[in-house]
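Protein chains: 6
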Amino acid sequence: MFPKNQIGKAAMLLVLSGEGEEQDRLLKVLDESGFTVALGRVGTMDSQKIVAAVETAAKKNGIISSERYREEHALYHAIMEALLGVGRGVVSFGAQLRTVGLRFSIVRGRPYASPDEGEWIAVAFYGTIGAPVKGWEHEALGIGINHM
Amino acid sequence: MFPKNQIGKAAMLLVLSGEGEEQDRLLKVLDESGFTVALGRVGTMDSQKIVAAVETAAKKNGIISSERYREEHALYHAIMEALLGVGRGVVSFGAQLRTVGLRFSIVRGRPYASPDEGEWIAVAFYGTIGAPVKGWEHEALGIGINHM
Amino acid sequence: MFPKNQIGKAAMLLVLSGEGEEQDRLLKVLDESGFTVALGRVGTMDSQKIVAAVETAAKKNGIISSERYREEHALYHAIMEALLGVGRGVVSFGAQLRTVGLRFSIVRGRPYASPDEGEWIAVAFYGTIGAPVKGWEHEALGIGINHM
Amino acid sequence: MFPKNQIGKAAMLLVLSGEGEEQDRLLKVLDESGFTVALGRVGTMDSQKIVAAVETAAKKNGIISSERYREEHALYHAIMEALLGVGRGVVSFGAQLRTVGLRFSIVRGRPYASPDEGEWIAVAFYGTIGAPVKGWEHEALGIGINHM
Amino acid sequence: MFPKNQIGKAAMLLVLSGEGEEQDRLLKVLDESGFTVALGRVGTMDSQKIVAAVETAAKKNGIISSERYREEHALYHAIMEALLGVGRGVVSFGAQLRTVGLRFSIVRGRPYASPDEGEWIAVAFYGTIGAPVKGWEHEALGIGINHM
Amino acid sequence: MFPKNQIGKAAMLLVLSGEGEEQDRLLKVLDESGFTVALGRVGTMDSQKIVAAVETAAKKNGIISSERYREEHALYHAIMEALLGVGRGVVSFGAQLRTVGLRFSIVRGRPYASPDEGEWIAVAFYGTIGAPVKGWEHEALGIGINHM
Ligand SMILES: [Mg+2]
Ligand SMILES: [Mg+2]
Ligand SMILES: [Mg+2]
Ligand SMILES: [Mg+2]
Ligand SMILES: [Mg+2]
Ligand SMILES: [Mg+2]
Numbered sequence: 001m002f003p004k005n006q007i008g009k010a011a012m013l014l015v016l017s018g019e020g021e022e023q024d025r026l027l028k029v030l031d032e033s034g035f036t037v038a039l040g041r042v043g044t045m046d047s048q049k050i051v052a053a054v055e056t057a058a059k060k061n062g063i064i065s066s067e068r069y070r071e072e073h074a075l076y077h078a079i080m081e082a083l084l085g086v087g088r089g090v091v092s093f094g095a096q097l098r099t100v101g102l103r104f105s106i107v108r109g110r111p112y113a114s115p116d117e118g119e120w121i122a123v124a125f126y127g128t129i130g131a132p133v134k135g136w137e138h139e140a141l142g143i144g145i146n147h148m
Numbered sequence: 149m150f151p152k153n154q155i156g157k158a159a160m161l162l163v164l165s166g167e168g169e170e171q172d173r174l175l176k177v178l179d180e181s182g183f184t185v186a187l188g189r190v191g192t193m194d195s196q197k198i199v200a201a202v203e204t205a206a207k208k209n210g211i212i213s214s215e216r217y218r219e220e221h222a223l224y225h226a227i228m229e230a231l232l233g234v235g236r237g238v239v240s241f242g243a244q245l246r247t248v249g250l251r252f253s254i255v256r257g258r259p260y261a262s263p264d265e266g267e268w269i270a271v272a273f274y275g276t277i278g279a280p281v282k283g284w285e286h287e288a289l290g291i292g293i294n295h296m
Numbered sequence: 297m298f299p300k301n302q303i304g305k306a307a308m309l310l311v312l313s314g315e316g317e318e319q320d321r322l323l324k325v326l327d328e329s330g331f332t333v334a335l336g337r338v339g340t341m342d343s344q345k346i347v348a349a350v351e352t353a354a355k356k357n358g359i360i361s362s363e364r365y366r367e368e369h370a371l372y373h374a375i376m377e378a379l380l381g382v383g384r385g386v387v388s389f390g391a392q393l394r395t396v397g398l399r400f401s402i403v404r405g406r407p408y409a410s411p412d413e414g415e416w417i418a419v420a421f422y423g424t425i426g427a428p429v430k431g432w433e434h435e436a437l438g439i440g441i442n443h444m
Numbered sequence: 445m446f447p448k449n450q451i452g453k454a455a456m457l458l459v460l461s462g463e464g465e466e467q468d469r470l471l472k473v474l475d476e477s478g479f480t481v482a483l484g485r486v487g488t489m490d491s492q493k494i495v496a497a498v499e500t501a502a503k504k505n506g507i508i509s510s511e512r513y514r515e516e517h518a519l520y521h522a523i524m525e526a527l528l529g530v531g532r533g534v535v536s537f538g539a540q541l542r543t544v545g546l547r548f549s550i551v552r553g554r555p556y557a558s559p560d561e562g563e564w565i566a567v568a569f570y571g572t573i574g575a576p577v578k579g580w581e582h583e584a585l586g587i588g589i590n591h592m
Numbered sequence: 593m594f595p596k597n598q599i600g601k602a603a604m605l606l607v608l609s610g611e612g613e614e615q616d617r618l619l620k621v622l623d624e625s626g627f628t629v630a631l632g633r634v635g636t637m638d639s640q641k642i643v644a645a646v647e648t649a650a651k652k653n654g655i656i657s658s659e660r661y662r663e664e665h666a667l668y669h670a671i672m673e674a675l676l677g678v679g680r681g682v683v684s685f686g687a688q689l690r691t692v693g694l695r696f697s698i699v700r701g702r703p704y705a706s707p708d709e710g711e712w713i714a715v716a717f718y719g720t721i722g723a724p725v726k727g728w729e730h731e732a733l734g735i736g737i738n739h740m
Numbered sequence: 741m742f743p744k745n746q747i748g749k750a751a752m753l754l755v756l757s758g759e760g761e762e763q764d765r766l767l768k769v770l771d772e773s774g775f776t777v778a779l780g781r782v783g784t785m786d787s788q789k790i791v792a793a794v795e796t797a798a799k800k801n802g803i804i805s806s807e808r809y810r811e812e813h814a815l816y817h818a819i820m821e822a823l824l825g826v827g828r829g830v831v832s833f834g835a836q837l838r839t840v841g842l843r844f845s846i847v848r849g850r851p852y853a854s855p856d857e858g859e860w861i862a863v864a865f866y867g868t869i870g871a872p873v874k875g876w877e878h879e880a881l882g883i884g885i886n887h888m
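Protein chains in written order, with the numbering used here: chain X, 1 to 148; chain E, 149 to 296; chain P, 297 to 444; chain H, 445 to 592; chain W, 593 to 740; chain Y, 741 to 888.
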């Protein structure tokens, strides 16, 4: 079973591990613990493309319903909080002449022991931010967590 | 050897893994790859205590020199960037009636293949942020990366 | 019946109207439409006291459960968003040598036509912000809206 | 007569009430109390279009002079402060993949009892912010107040 | 005569030059051009003390009236804008474990050629920001400009 | 010799003085004290063009190496901090319908008495920010300082 109250850690480990055995093992544990997961990648100078990429992945993989605004709202604010970590206080990149290359994960489930706490969602980003010159970049990451 | 350009991932994995075998193994790999590391914990509503805790740990463990402002300056901005991830855009907590409980790591070394890129530093936080009521909290994390 | 998708307008009108007939009439309509409401006042230079005042009022009046963190989390972020309106981008006041005198309202219910959209919460502030000199102030307000 | 020191409340009530009897009655009271008013609407993902719409309405309706930068400066900062309420800390929307639909009002006059306090201006926004999908939105509002 | 539209440059040169001949010469030119000036110093970790120091200096030296809120309001926002330069986006210092030592100037007058543009005010800060260790600091500065 | 720990003052005086004798005299002193300097101008609504203009000037004039990311990283954060002064908390301009016209300077050298403190860089901006109408603008400035 996945330890309680670690939905953010799970989301971050998924993007840190990258594709491979470790990620597969983590995906299996999360699945067995009742969490649903979507993974993706996005590279851009345009922050709205990051939002769109995560929302599309969440809907395609059935993490959030395409029929309910409340689920989109929960996801949206989780994305914004995660992007504030990536941009360290800003959520735009092109205006600062920065380009980002990010892996992202979305994890939905019940992280708290009490069933009354219901479902929550975590969004994690990990990748690089830097000048529009290959290799002129350093790592950046962030998570956002919200109740569904 | 630790993979190149992953000083931030290393710092984040150290705080995510917590004390135990996995952390020990990671510490060993980082040591063999020439990185120096300090670890610590801090729980507070007062953001300046977080800054102080990380700076003290960095000096005590010889990660930065106590004699050179430039090293403190590099560390300071890395801490600020990591805290912006924790606070998702703000670096104060008590003014928002939030309390944080954080593990932190500081990693210093040469993450780039080219020796000209010199030394860099990464600071990572992982823990919880929430109301001043036990268990009423969710996870938060952040990293900051700077050239030394 | 209270018009759909106007929970924020309702919350703002409650604090704008102040005590009296107009507020009473609005409270009656909201009650008949299934919304629960709490009202209060707070004057301070210390933003954490504003958070505490709203949370206390919400629990005392049964707007949120004292047993579920997810409800506190929903309310907390609604308060933060409303305070960003009051402070126009900052959520601290004393550090800027400003004092605030605010009426607040909390409204919980189902603002959307579709039952799937479930419950939402709105927090509204209206009052004054200014120098610590009587009358040297202008009005300030804000709302925050969140899904429960 | 309109009560003193409530120019912000007046501006907010104008956008909350929408077109109709209540707005007409309020406009009449403001006019009799010596306040000048302009109203408008704007829907966009592009925050600079909001600024342009309000400035154009203010000039067309003679709220500010087209000949004096100081009046544009006073209005501009009032708009920025009101937008910080709408965006809850940010003044851009498209970069966050959000679209806004806003009514706005501009009110100019003498809100303070003392004639020495001179003229002030209030800008209010009320409307919705949300995903670029019809109905996937919640309310947002803000006011900005400045001396002329 | 002091060149037109350079009230901010004047304020900044006053704090950069420090006490001495150059400052005296600049003060004389400003006085002859109809500008009023106040100078001061403040060292603190507490941003509200900076606001108080500038406001007190402005009133004591007759730069703003102690009887009119509108003048305090104009000065206050100029101070806030100047502090955003000093703090590079934040206006608090102690919460970030930073201490500042600042000279400040306040300049009031008519910077524009057209008499209709009326009076404006500029606030400038220049000094150091750094760790609470002597010499561990670098320079910081900022200006804020507002219409009176 | 240029006084110690005044690299920011030097950078600011260069942009305040404009072309002419005073700037030439200052450039000579800085050159004799071992500082390297680049100067430029940029007018735009687009903040990324400002970043690009400063980075290009820095590389063309040999202030930073085109071969080392760490030097670009140091310069980049200095630019961002200086722009936060210009924008008083934001680093975008067009989204707020503002246009800027700026002179900039970049100064690199050893501002501290101790040789261990090594090289630092300062970026300064001075110019105007305002509506896209000629003359409807006021001054703005900022500096950013970083270790190399
Ligand atoms: Mg939260
Ligand atoms: Mg960086
Ligand atoms: Mg929302
Ligand atoms: Mg104000
Ligand atoms: Mg301005
Ligand atoms: Mg610094």
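We put the beta carbon where it would ideally sit given N, CA and C, even for glycine.
When the Cα atoms are used, what is the spatial distance from K60(X) to L322(P)? Straight-line spacing of the CA atoms in K60(X) and L322(P) works out to 42 Å.
Determine which residues share a DSSP beta bridge with F252(E) and list them. In the DSSP assignment, the residues bridged to F252(E) are G188(E) and F273(E).
Kindly list the residues whose CB is nearer than 7 Å to the CB of K49(X), restricted to its own chain and excluding five residues on each side of it in sequence; keep chain order. Excluding positions up to five away in sequence, the list reads V42.
Check whether the Cβ of H817(Y) sits closer than 7 Å to any heavy atom of ligand 2, and report yes or no. Yes, the beta carbon of H817(Y) sits closer than 7 Å to at least one heavy atom of ligand 2.
May I ask you to check if the CB of H517(H) is nearer than 7 Å to at least one heavy atom of ligand 5? Yes.
Excluding five sequence neighbours on each side, which residues of the same chain lie with their C-beta closer than 6 Å to the C-beta of S706(W)? Counting only Cβ-Cβ distances below 6 Å, and skipping sequence neighbours, we find nothing.
Could you check whether the Cβ of I145(X) sits closer than 7 Å to any heavy atom belonging to ligand 1? Remark: the shortest separation between the CB of I145(X) and any heavy atom of ligand 1 falls under 7 Å.
Simplified DSSP assignment, three categories, for E761(Y): Three-state result, E761(Y): helix.
Is H434(P) close to ligand 5? I mean its beta-carbon at under 7 Å from any heavy atom of the ligand. Every heavy atom of ligand 5 is 7 Å or more from the Cβ of H434(P), so no.
Which value, in whole angstroms, describes the spacing of the CA atoms of D490(H) and S549(H)? If you draw a straight line from the Cα of D490(H) to the Cα of S549(H), it comes to about 19 Å.
Any idea what DSSP makes of L322(P), helix, strand or coil? Note: L322(P) maps to helix in three-state DSSP.
Listed in chain order, which residues of the segment 178-206 of chain E have Cβ atoms closer than 9 Å to some Cβ of chain W? Listed in sequence order: D194, S195, Q196, K197, I198, V199, A200 and E203.
Could you pull out every unbroken alpha helix (DSSP H) segment of at least 4 residues lying fully inside the segment 217-263 of chain E, listed in chain order? The qualifying runs are 217-234.
Output, in chain order, the set of chain P residues within a Cβ distance shorter than 7 Å of E659(W). Listed along chain P, no residue sits closer than 7 Å to E659(W) by beta-carbon distance, the nearest being about 10 Å off.
Buried or exposed (CB count within 10 angstroms, at least 16 for buried), H703(W): The question names His, but residue 703(W) is Pro in the sequence shown. Its Cβ being crowded by 16 or more others within 10 Å, P703(W) is buried.
Please look up how many angstroms separate the CB atoms of I425(P) and R394(P), rounded, as I've assumed it's under 8 Å. The Cβ separation is near 5 Å, so the contact holds.
Using a beta-carbon distance below 8 Å, is E709(W) in contact with chain A? This model lacks chain A altogether; the protein chains it does include are X, E, P, H, W and Y.
Check the DSSP bridge columns for N745(Y) and list the partner residues they point to. Answer is none; N745(Y) lacks a bridge partner.
Of the listed residues S461(H), K453(H), V535(H) and G464(H), nearest to G314(P) (C-alpha basis): When each option's Cα is compared against that of G314(P), the closest is K453(H).
Taking the alpha helix (DSSP H) that S351(P) belongs to, which residues open and close that run? At residue 351(P) the sequence reads Glu, which differs from the Ser that was named. S343 to K356 is the span of the alpha helix (DSSP H), which, as asked, contains E351(P).
Hey, would you say the C-beta of G358(P) is under 7 Å away from at least one heavy atom of ligand 8? In the structure on display, ligand 8 does not appear, and the ligands it does have are ligand 1, ligand 2, ligand 3, ligand 4, ligand 5 and ligand 6.
Once you ignore the five residues that flank L379(P) on each side, which residues in its own chain have a CB closer than 6 Å to its CB? Taken in chain order, the residues that qualify are V387.
Reference F479(H), options F537(H), E499(H) and G562(H), closest by Cα: The closest CA to that of F479(H), considering only F537(H), E499(H) and G562(H), is found on G562(H).
Compare the Cα-Cα distances from V248(E) to each of R256(E), V234(E) and V255(E) and report the closest residue. Ranked by how close their Cα comes to the Cα of V248(E), the residues R256(E), V234(E) and V255(E) have V234(E) in first place.
Proximity below 8 Å, CB of A650(W) to CB of A630(W): Yes. Within cutoff.
Can you tell which of A418(P), A436(P) and W432(P) has the C-alpha that lies nearest to the C-alpha of E659(W)? It is W432(P) whose Cα lies nearest to the Cα of E659(W).
Quick one: Cα of I291(E) to Cα of G829(Y), how far? When the Cα atoms are used, I291(E) and G829(Y) turn out to be separated by approximately 22 Å.
Chain-order list of residues whose beta-carbon lies under 6 Å from that of V199(E) (same chain, five-residue window excluded): Around V199(E), the same chain offers I227 as residues with beta carbons nearer than 6 Å, after the five sequence neighbours per side are excluded.
Note the first and the last residue of the continuous beta strand (DSSP E) segment covering I507(H). Per DSSP, I507(H) belongs to no beta strand (DSSP E) and is neither H nor E.
Give the DSSP-derived three-state secondary structure of A158(E) in the structure shown. The answer is helix: DSSP assigns A158(E) an H, G or I state.
Between D708(W), A723(W) and Q615(W), which lies nearest to M592(H) when the distance is taken from Cα to Cα? Taking only the C-alpha atoms, the option nearest M592(H) is D708(W).
Compare the Cα-Cα distances from R848(Y) to each of V873(Y), V755(Y), E761(Y) and L770(Y) and report the closest residue. Residue L770(Y) is the option with its Cα nearest to R848(Y).
Less than 8 Å between CB atoms is the rule here; does G875(Y) satisfy it with respect to chain H? Residue-level contact check: G875(Y) touches chain H, since one or more beta carbons of chain H fall below 8 Å from its beta carbon.
What are the residues that DSSP puts in a beta bridge with A140(X)? Looking at the DSSP assignment, A140(X) forms a beta bridge with G127(X).
Would you decide whether V419(H) is buried or exposed? Buried here means 16 or more other CB atoms lie within 10 Å of its CB. The shown model of chain H, from 445 to 592, leaves out residue 419(H), and the question about it has no answer.
Buried or exposed for E583(H), going by 16 or more other Cβ atoms inside 10 Å? E583(H) should be labelled buried.
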